[in-house]
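> Structure below; questions to follow.
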Amino acid sequence: MTVTDDFLDALDDLDVSHDRTTLADLPATLADAVTDPAVGVPLHVDASLPGSVATTFTPSELQDAATGVTPARLGIAEYGSVVIRSSAGGDEPLSLYPERHVAVLDAADVVATGRDAVDWLASEVAAGRGSHVLATGASATADMGGLVEGVHGPNEVHVVLVEADTE
Amino acid sequence: MSSERKQKAAQLRHLLETEGPLIGPKVSSKNRDRYAAAERFDAWDSTRDEARAIKEAAIADLPELLEQLRESVEANGGTVYVADDAADANRYVTELCDEQGAETLVKSKSMTTEELELNDALAAAGVDTYETDLGEFVIQLAEESPSHIVGPALHKSREEIADLLNATFEPDEPLETAEEMTRFARDYLGERIREADVGVTGANFVFAESGSMALVTNEGNARKCAVTPDTHVAVTGIEKILPSVDDFGPFVDLISKAATGQDISRYVSLFTPPVASPTLDFESDEPIEFGEATAERDDPDDDRAFHLVLVDNGRTELREDDQLRETLYCIRCGACSNSCANFQAVGGHGFGGETYSGGIATGWEAGVHGMDSAAEFNDLCTGCSRCVDACPVKIDIPWINTVVRDRLNRDADPDTFDHLVDGLSPDEEPSGLALDKRLFGNFERLAKLGSATAPVSNWLADAGPARAAMERVLGVDRRRDLPRFRRETLVDWFDDRGPRVAADDASREAVLYPDAYTNYVLVDRGKAAVRALEALDVRVHVPRVRSSGRAPLSQGMISTAEDHAHHVYAGLAEHIDAGRDVVVVEPSALAMFEREYERLLAPESADRLADASYEVMEYVYGLLENGGSPDALGSPPEAVAYHSHCQGRTLDLEPYTVAVLEACGATVRTSDVECCGMAGSFGYKESYYELSMDVGEELADQFAGEPVVAASGTSCQEQLDALLGGEVPHAVELIAP
Ligand code: SF4
Numbered sequence: 001m002t003v004t005d006d007f008l009d010a011l012d013d014l015d016v017s018h019d020r021t022t023l024a025d026l027p028a029t030l031a032d033a034v035t036d037p038a039v040g041v042p043l044h045v046d047a048s049l050p051g052s053v054a055t056t057f058t059p060s061e062l063q064d065a066a067t068g069v070t071p072a073r074l075g076i077a078e079y080g081s082v083v084i085r086s087s088a089g090g091d092e093p094l095s096l097y098p099e100r101h102v103a104v105l106d107a108a109d110v111v112a113t114g115r116d117a118v119d120w121l122a123s124e125v126a127a128g129r130g131s132h133v134l135a136t137g138a139s140a141t142a143d144m145g146g147l148v149e150g151v152h153g154p155n156e157v158h159v160v161l162v163e164a165d166t167e
Numbered sequence: 001m002s003s004e005r006k007q008k009a010a011q012l013r014h015l016l017e018t019e020g021p022l023i024g025p026k027v028s029s030k031n032r033d034r035y036a037a038a039e040r041f042d043a044w045d046s047t048r049d050e051a052r053a054i055k056e057a058a059i060a061d062l063p064e065l066l067e068q069l070r071e072s073v074e075a076n077g078g079t080v081y082v083a084d085d086a087a088d089a090n091r092y093v094t095e096l097c098d099e100q101g102a103e104t105l106v107k108s109k110s111m112t113t114e115e116l117e118l119n120d121a122l123a124a125a126g127v128d129t130y131e132t133d134l135g136e137f138v139i140q141l142a143e144e145s146p147s148h149i150v151g152p153a154l155h156k157s158r159e160e161i162a163d164l165l166n167a168t169f170e171p172d173e174p175l176e177t178a179e180e181m182t183r184f185a186r187d188y189l190g191e192r193i194r195e196a197d198v199g200v201t202g203a204n205f206v207f208a209e210s211g212s213m214a215l216v217t218n219e220g221n222a223r224k225c226a227v228t229p230d231t232h233v234a235v236t237g238i239e240k241i242l243p244s245v246d247d248f249g250p251f252v253d254l255i256s257k258a259a260t261g262q263d264i265s266r267y268v269s270l271f272t273p274p275v276a277s278p279t280l281d282f283e284s285d286e287p288i289e290f291g292e293a294t295a296e297r298d299d300p301d302d303d304r305a306f307h308l309v310l311v312d313n314g315r316t317e318l319r320e321d322d323q324l325r326e327t328l329y330c331i332r333c334g335a336c337s338n339s340c341a342n343f344q345a346v347g348g349h350g351f352g353g354e355t356y357s358g359g360i361a362t363g364w365e366a367g368v369h370g371m372d373s374a375a376e377f378n379d380l381c382t383g384c385s386r387c388v389d390a391c392p393v394k395i396d397i398p399w400i401n402t403v404v405r406d407r408l409n410r411d412a413d414p415d416t417f418d419h420l421v422d423g424l425s426p427d428e429e430p431s432g433l434a435l436d437k438r439l440f441g442n443f444e445r446l447a448k449l450g451s452a453t454a455p456v457s458n459w460l461a462d463a464g465p466a467r468a469a470m471e472r473v474l475g476v477d478r479r480r481d482l483p484r485f486r487r488e489t490l491v492d493w494f495d496d497r498g499p500r501v502a503a504d505d506a507s508r509e510a511v512l513y514p515d516a517y518t519n520y521v522l523v524d525r526g527k528a529a530v531r532a533l534e535a536l537d538v539r540v541h542v543p544r545v546r547s548s549g550r551a552p553l554s555q556g557m558i559s560t561a562e563d564h565a566h567h568v569y570a571g572l573a574e575h576i577d578a579g580r581d582v583v584v585v586e587p588s589a590l591a592m593f594e595r596e597y598e599r600l601l602a603p604e605s606a607d608r609l610a611d612a613s614y615e616v617m618e619y620v621y622g623l624l625e626n627g628g629s630p631d632a633l634g635s636p637p638e639a640v641a642y643h644s645h646c647q648g649r650t651l652d653l654e655p656y657t658v659a660v661l662e663a664c665g666a667t668v669r670t671s672d673v674e675c676c677g678m679a680g681s682f683g684y685k686e687s688y689y690e691l692s693m694d695v696g697e698e699l700a701d702q703f704a705g706e707p708v709v710a711a712s713g714t715s716c717q718e719q720l721d722a723l724l725g726g727e728v729p730h731a732v733e734l735i736a737p
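Taken in order, these protein sequences are the chains called A and B.
Take the first sequence: its position 60, counting from 1, is numbered 60 in the UniProt record's numbering, and each next residue is one higher.
Take the second sequence: its position 191, counting from 1, is numbered 191 in the UniProt record's numbering, and each next residue is one higher.
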């Protein structure tokens with residue numbers, strides 16, 4: 001089992017769906033993965049967002065968006081987490097407000113364990129990028145007398161894993 | 001005295017009938033999930049050690065870390081305020097709201113702000129405050145206090161919550177399901193968050209080096225509260241400071257597993273505020289002005305303000321308290337509540353003080369609110385020690401409870417009835433000690449007298465008028481059968497009989513430790529232990545040694561317990577020098593040797609005794625592993641239902657009893673309740689009898705219809721006797737020839 005396999009297994013356990021794609025196919029994959037209206041943060045990998053994903057919008061459009069697309073700067077195989085950076089680009093609110101969160105993750109950025117992720121976080125903090133969230137599955141609560149997914153955060157998380165083109 | 005006890009009993013009875021049945025199943029299931037999560041995670045124990053070491057060092061270095069944190073937060077563009085007490089913290093936050101002209105404020109869950117009663121202060125200052133964690137939202141609407149430090153509304157049923165929401169908001173369609181209510185709350189609170197002027201969160205950890213903080217949540221409301229309004233105020237205790245993000249790893253791995261049995265919570269956020277994320281003004285029609293998503297550095301957004309309010313409120317004093325300092329290592333996961341049989345039965349409104357609940361609450365309440373608040377519920381800790389295994393930072397929670405009990409005893413007023421138990425009590429305690437505590441704490445003396453005058457003492461104790469007087473004066477519940485003292489003690493029996501294995505033929509030599517129960521009451525289990533050891537060629541000695549001190553310790557009589565410890569060590573040291581093993585029948589006595597003596601004896605003495613000591617079935621297991629034959633032992637019944645003692649579980653003793661019974665041909669079914677509910681004297685006390693029986697019911701249910709039930713602890717045997725009828729033997733009685 002590779003870390004990628006472990007990561008994908010962990011996503012399955014969390015009921016988080018995923019696509020595997022390549023850089024070249026990424027815009028098309030994303031176009032299929034979003035529900036309109038969709039908003040997005042410009043990607044950290046060398047590809048553009050599809051035209052259906054808006055990058056300029058008002059706060060109320062953010063509130064009304066069905067999907068938020070953001071970079072995931074790291075994946076954690078042990079937990080099925082994606083790491084969302086709280087950058088000036090708005091990753092944090094876009095991964096939080098819309099009901100569906102689509103996280104774009106470079107397969108090379110998947111680490112094995114939570115401890116690996118904390119080591120990475122520590123180096124990010126030292127480099128001046130000090131705010132991230134380890135997001136694991138949809139938001140959830142049991143406070144209303146039963147487990148419910150989709151509380152203040154998204155109720156659906158979808159990971160798009162970008163792998164090296166083997167052809 | 002007596003009416004106070006009756007009041008306490010009535011309060012607990014009410015909770016047993018109302019909140020207990022709602023909260024019990026939920027925390028029991030979290031407890032089981034914790035076991036499963038720890039099982040799945042290989043490094044559970046070593047990670048706990050790491051976390052513990054980090055907290056120890058951080059609390060030791062707290063003054064320096066606090067200064068470092070202040071500098072880094074200020075360098076990042078935030079503000080730090082260290083509040084001496086609740087009033088100081090509340091004043092800071094309300095003045096800040098005033099300066100900003102804040103009308104509304106949203107909050108995520110924070111026990112520290114509960115401790116401060118910040119919401120009341122904000123209301124008095126005219127700020128509309130909304131709790132956005134759904135559990136806290138329910139509690140705020142109901143005007144109640146949290147019943148659990150992690151799940152504040154666990155004592156509420158879905159129906160109650162629906163009634164509350166429907167009555168408060170009168171929605172067009174009445175809300176009914178958890179999904180409907182969650183959706184409603186999301187929409188309602190979402191609006192509150194979008195229009196709020198200030199967001200208040202707690203912080204699970206704060207990192208001095210970088211001025212970062214971490215929040216561990218599931219709902220996402222804390223993220224929204226921190227990131228949506230321009231002003232973020234984080235309020236947390238000074239004990240939450242860790243040196244740097246490098247220290248975060250063990251806590252990420254532990255906190256969710258311990259708290260809810262999740263491998264990791266949905267959101268583990270690390271912020272280094274003020275954050276770069278743009279603020280969101282939902283009233284504006286202008287597009288949000290985003291910056292670079294892949295910038296080299298995430299510099300703070302210009303519109304953001306961040307205030308870190310660090311609350312002392314008694315913590316500095318706690319830090320200076322050698323006995324209670326450990327409380328500050330607590331990461332507020334609630335595992336000690338979930339693993340506690342009494343908590344499962346009554347919830348945090350019974351097992352809790354002004355703010356905090358569960359086993360560790362005794363330390364927190366004593367530290368932040370004072371001894372009176374701790375006194376309200378401290379007796380509910382029976383010292384069963386199940387929380388010790390649960391705690392991710394290995395806090396000795398029972399010890400904290402014992403220390404506070406001891407201090408409460410010392411503060412108590414002298415009681416007019418003291419003379420009644422004075423004859424029994426050669427203890428080291430102050431004269432204000434409650435009579436029931438003094439009676440049970442001096443069990444050894446009582447047992448000695450009872451045995452010397454048996455059977456007359458037993459007849460007298462059984463007589464109606466005597467029981468009524470015992471209840472009235474001493475608080476011994478008349479519904480509970482009293483121990484029946486035996487005229488011939490185990491030591492006397494053995495003195496007459498002598499060892500049956502000659503020194504030359506012996507594979508080993510051992511001392512069978514005559515704890516007070518085995519010596520005076522359950523003498524048969526002691527005889528069985530002697531026969532079992534001898535059948536495996538052990539030369540046995542049963543010396544006259546004092547009782548372990550468990551009885552006084554569980555009443556908070558630490559000096560008396562220490563006195564016992566010195567005598568016991570003196571009585572056993574020469575045997576250990578002679579190469580003899582110390583074999584213990586009563587698990588609560590062994591737990592003294594293995595755990596508490598560390599605090600009562602010189603370290604080397606404690607180690608020496610602990611290393612030489614074994615529980616009897618553990619010892620038999622060792623003998624069988626080293627070539628002893630099960631054929632030499634008796635044959636147990638085919639099927640045995642076995643309840644391991646709570647402290648025995650903490651010492652991991654259960655597997656030995658199971659293995660020995662199986663080696664002798666039995667099939668064994670074990671219980672999975674944390675404690676039988678009797679817990680030494682606890683179940684005898686008028687205030688707690690019904691709670692004790694309620695806790696025991698679950699065990700009785702698990703063993704209903706079992707033909708043979710065995711246990712290891714005296715308390716468990718007595719409790720199961722009472723619940724199931726008939727005599728419940730110690731497991732060694734089933735395998736002794
Ligand atoms: S004492 Fe330990 S188990 Fe209890 S809440 Fe604190 S950290 Fe958790």
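All residues carry an ideal CB built from backbone N, CA and C; glycine is no exception.
Are three or more beta carbon pairs between the region 157-175 of chain B and the region 208-218 of chain B nearer than 8 Å?
Not touching, per the Cβ criterion.
> Going along chain A in order, which residues have a C-beta closer than 9 Å to the C-beta of residue 611/B?
Numbered from 1 along the second sequence, position 611 holds the residue referred to as residue 611/B. Residues of chain A passing the Cβ test: none, with the nearest at roughly 34 Å.
> What would DSSP say about residue 3/A, mapped onto helix, strand or coil?
As a working mapping, residue 3/A is identified with position 3 in the first sequence. Helix, per DSSP.
> Does chain A have any CB closer than 8 Å to the CB of residue 188/B?
Here residue 188/B corresponds to residue number 188 of the second sequence, with the count starting at 1. No, no contact with chain A.
> Count the other CB atoms, across all protein chains shown, that sit within 10 Å of the CB of residue 95/A; report buried if there are 16 or more and exposed otherwise.
Position 95 of the first sequence, counted from the first residue, corresponds to residue 95/A. Buried: at least 16 other Cβ atoms inside 10 Å.
> Any chance the CB of residue 52/B is under 7 Å from a heavy atom of ligand 1?
Here the question's residue 52/B lines up with position 52 in the second sequence. No, the Cβ of residue 52/B stays beyond 7 Å of every heavy atom of ligand 1.
> Identify which residue in 442/B, 337/B, 717/B and 314/B has its Cα closest to the Cα of residue 87/B.
Translated into positions along the second sequence, residue 87/B becomes position 87. Nearest C-alpha to residue 87/B: 314/B.
> Does residue 168/B have its Cβ less than 8 Å from a Cβ in chain A?
In the second sequence, the residue the question calls residue 168/B occupies position 168. No, no contact with chain A.
> My parser needs the beta strand (DSSP E) runs of 3 or more residues fully inside the region 565-626 of chain B; what are they?
For the region 565-626 of chain B, whole beta strand (DSSP E) runs of length 3 or above, ordered along the chain, are 581-584 and 613-615.
> Checking contacts by CB at 8 Å: is residue 291/B closer than that to chain A?
Residue 291/B sits at position 291 when you count from the first residue of the second sequence. Cβ-Cβ to chain A under 8 Å: yes for residue 291/B.
> Return yes when the C-beta of residue 202/B is under 7 Å from any heavy atom of ligand 1, and no when it is not.
What you label residue 202/B is simply residue 202 of the second sequence in a count that begins at 1. Residue 202/B: no, Cβ never under 7 Å from ligand 1.
> Starting from residue 121/A, find everything on chain B with Cβ-Cβ shorter than 8 Å and list it in chain order.
On the first sequence, residue 121/A is found 121 positions in, with the first residue counted as 1. Per Cβ cutoff of 8 Å: 245, 248 and 270.
> Which residues does DSSP list as the beta-bridge partners of residue 499/B?
As a first step, residue 499/B must be located in the second sequence, where it is residue number 499. DSSP, once it has assigned bridges, lists no residue as partnering residue 499/B.
> Considering only the beta carbon of each residue, do residue 103/A and residue 162/A sit closer than 8 Å?
Walking along the first sequence from the start, residue 103/A turns up at place 103. Walking along the first sequence from the start, residue 162/A turns up at place 162. No, the pair does not count as a contact, with Cβ atoms beyond the cut-off.
> Across the region 243-254 of chain B and the region 48-63 of chain B, are there enough close Cβ pairs to call them in contact, namely three or more that are closer than 8 Å?
With the cut-off at 8 Å, the region 243-254 of chain B and the region 48-63 of chain B touch.
> If distances are taken between C-alpha atoms only, which option among 177/B, 621/B, 103/B and 287/B comes closest to residue 57/A?
Looking up residue 57/A in the first sequence gives position 57. The option with the nearest alpha carbon to residue 57/A is 287/B.
> Just by C-beta distance, which residues in the region 258-284 of chain B are closer than 9 Å to chain C?
Of the protein chains in the structure, A and B, none is chain C.
> Does at least one heavy atom of ligand 1 sit under 7 Å from the Cβ of residue 336/B?
For the purposes of this step, residue 336/B is identified with residue 336 of the second sequence, where counting begins at 1. Yes, since a heavy atom of ligand 1 falls inside the 7 Å radius drawn around the Cβ of residue 336/B.
> Pick from 674/B, 620/B, 90/B and 704/B: whose alpha carbon is nearest that of residue 663/B?
As a first step, residue 663/B is located in the second sequence; it is residue number 663 there, counting from the start. Residue 663/B has its Cα closest to that of 620/B, out of 674/B, 620/B, 90/B and 704/B.
> Would you check if the distance between the CB atom of residue 306/B and the CB atom of residue 273/B is smaller than 8 Å?
As a working note, residue 306/B is residue 306 in the second sequence. As a working note, residue 273/B is residue 273 in the second sequence. Closer than 8 Å, so yes.
> Looking at chain B, which residues of the region 53-72 of chain A have a Cβ within less than 9 Å of any of its Cβ atoms?
Within the region 53-72 of chain A, the residues whose Cβ lies closer than 9 Å to some Cβ of chain B are 55, 56, 57, 58, 59, 60, 61, 62, 63, 70 and 71, listed in chain order.
> Count the other CB atoms, across all protein chains shown, that sit within 10 Å of the CB of residue 686/B; report buried if there are 16 or more and exposed otherwise.
Locating residue 686/B in the second sequence gives position 686, counting from the first residue. By the neighbour-count rule (16 or more Cβ atoms within 10 Å), residue 686/B is buried.
> Quick check: is any heavy atom of ligand 1 less than 7 Å from the C-beta of residue 358/B?
Position 358 of the second sequence, counted from the first residue, corresponds to residue 358/B. Correct: residue 358/B has its Cβ closer than 7 Å to ligand 1.
> In the DSSP output, which residue or residues are listed as bridge partners for residue 198/B?
Against the second sequence, residue 198/B aligns to sequence position 198. Answer by DSSP bridge pairing, in chain order: 105/B and 231/B.
> Does the beta carbon of residue 129/B come closer than 8 Å to any beta carbon on chain A?
In the second sequence, the residue the question calls residue 129/B occupies position 129. Not an interface residue.
> What are the start and end residues of the alpha helix (DSSP H) that includes residue 371/B?
Locating residue 371/B in the second sequence gives position 371, where the first residue counts as 1. That run of the alpha helix (DSSP H) goes 371-375.
> From residue 419/B to residue 613/B, what does the alpha carbon distance come to, in whole angstroms?
Working through the second sequence from its first residue, we reach residue 419/B at position 419. Working through the second sequence from its first residue, we reach residue 613/B at position 613. Because residue 419/B sits at a pLDDT of 47, beneath the cut-off of 50, its placement in the model cannot be relied upon, and the point is left open.
> Can you give the Cα-Cα distance for residue 147/B and residue 347/B, rounded to whole angstroms?
In the second sequence, the residue the question calls residue 147/B occupies position 147. In the second sequence, the residue the question calls residue 347/B occupies position 347. Cα to Cα, residue 147/B sits roughly 6 Å from residue 347/B.
> Would you check if the distance between the CB atom of residue 138/A and the CB atom of residue 150/A is smaller than 8 Å?
Here residue 138/A refers to the residue found at position 138 when the first sequence is read from its first residue. Here residue 150/A refers to the residue found at position 150 when the first sequence is read from its first residue. Yes, they are a contact pair.
> Please name the residue, chosen from 151/B, 690/B and 139/B, that lies closest to residue 160/B on a Cα-to-Cα basis.
Residue 160/B sits at position 160 when you count from the first residue of the second sequence. The candidate whose alpha carbon is nearest that of residue 160/B is 139/B.
> Would you check whether ligand 1 has a heavy atom nearer than 7 Å to the C-beta of residue 735/B?
If you number the second sequence from 1, residue 735/B lands on position 735. Residue 735/B Cβ: outside cutoff for every heavy atom of ligand 1.
> With distances taken between CB atoms, is the gap from residue 451/B to residue 517/B smaller than 8 Å?
Taking the first residue of the second sequence as 1, we reach residue 451/B at position 451. Taking the first residue of the second sequence as 1, we reach residue 517/B at position 517. No, the Cβ-Cβ distance between residue 451/B and residue 517/B is not below 8 Å.
> What did DSSP end up calling residue 147/A once you bin it into helix, strand or coil?
Translated into positions along the first sequence, residue 147/A becomes position 147. In this structure, residue 147/A counts as coil in the three-state DSSP scheme.
> So is residue 470/B buried or exposed if we call it buried at 16+ other beta carbons inside 10 Å?
Translated into positions along the second sequence, residue 470/B becomes position 470. Buried, since its Cβ has 16 or more Cβ neighbours within 10 Å.
> Can you have a look at residue 38/A and say buried or exposed, based on whether 16 or more other CB atoms are within 10 angstroms of its CB?
As a position in the first sequence, residue 38/A is number 38, starting the count at 1. By the 10 Å Cβ count, residue 38/A comes out buried.
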